[in-house]
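Numbering (the numbering used here), first residue to last: -4 to 247.
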């Protein structure tokens, strides 16, 4: 299968198309069809891309931001169900079936994305079966991530969950420095801020991270991986397996 080699056809710089794993996986014809509809867009921290029951009109192929899909509760609290970054697409369900959003999309780490209106993407999905299949497996991967996160939050200790969250956020951001607060991590995990602060202090004393106000840097990723639960690797493996199954089918 021929992969992305285009330059002039893209409405954005070709290297940006390679930074999102979904776009980088597209064959040349599909990428040529999609590229003119993409717009390089800045996503600012805590920006809400869509809310619960919004009709999603634009989707985002993330470059280096990290977006949380969260469930707001009646108490005013929110709990994160999944995270999306450079591995995928935010709002892909709207392109597949035009449904309203069942969660809130909020930017947790600011950065950039390639924004695309839903309508032209839906036309491309109708024309190109590979893009449609890849988009469908991405939705499956998000569902699997939400299920794994729910299981993790129900059964694993906070140390495991904080380590998992930091590792996953760094993977999706593409860097080991996260402009994030203890309060925000606590909000996403549904735990108290003081609990996260205690864990962060322990991790810092062990040389795994370094933190200052609003900033966390991962220093020893290997040690963090040893501390986290199996959910971190399971989420990664699920995504790789689902996306790989589409690639193998297309190549056959």
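The C-beta atom is built at its ideal place from N, Cα and C for all residues, glycine as well. Quantities reported herein were computed from a predicted structural model and do not represent experimental measurements.
Simplified DSSP state of residue i, which is helix, strand or coil
i           : result
residue 158 : helix
residue 144 : helix
residue 63  : strand
residue 232 : helix
residue 12  : helix
residue 127 : helix
residue 78  : strand
Nearest-angstrom beta carbon gap, residue j and residue i [assumed within contact, 8 Å]
i           : j           : result
residue 53  : residue 86  : 7 Å
residue 159 : residue 223 : 5 Å
residue 96  : residue 56  : Contact flag wrong, Cβ pair sits at about 17 Å.
Rounded C-alpha distance that separates residue i from residue j
i           : j           : result
residue 206 : residue 175 : 10 Å
residue 72  : residue 193 : 21 Å
residue 148 : residue 69  : 19 Å
residue -1  : residue 126 : For residue -1, the predicted structure reports a pLDDT of 37, less than 50, and the residue's modelled location is therefore unreliable. A value from the coordinates is still provided. Straight-line Cα distance between these residues: approximately 14 Å.
residue 157 : residue 191 : 7 Å
residue 185 : residue 92  : 30 Å
residue 50  : residue 89  : 8 Å
residue 33  : residue 111 : 5 Å
Same chain, Cβ closer than 7 Å to residue i, five either side skipped, listed in chain order
i          : result
residue 5  : Here the model assigns residue 5 a pLDDT of 43, short of 50, so the residue's position is not dependable, and the following value carries that caveat. Around residue 5: 12, 30.
residue 15 : 56, 57, 58, 81, 109
Close Cβ partners of residue i (< 6 Å) along its chain, the five nearest in sequence each way excluded
i           : result
residue 229 : 143
residue 226 : 143, 147, 159
Cβ neighbours of residue i in the same chain (closer than 8 Å, five flanking residues each side left out)
i           : result
residue 202 : 214, 215, 218
DSSP beta-bridge partners of residue i
i          : result
residue 45 : 100
residue 24 : Answer is none; residue 24 lacks a bridge partner.
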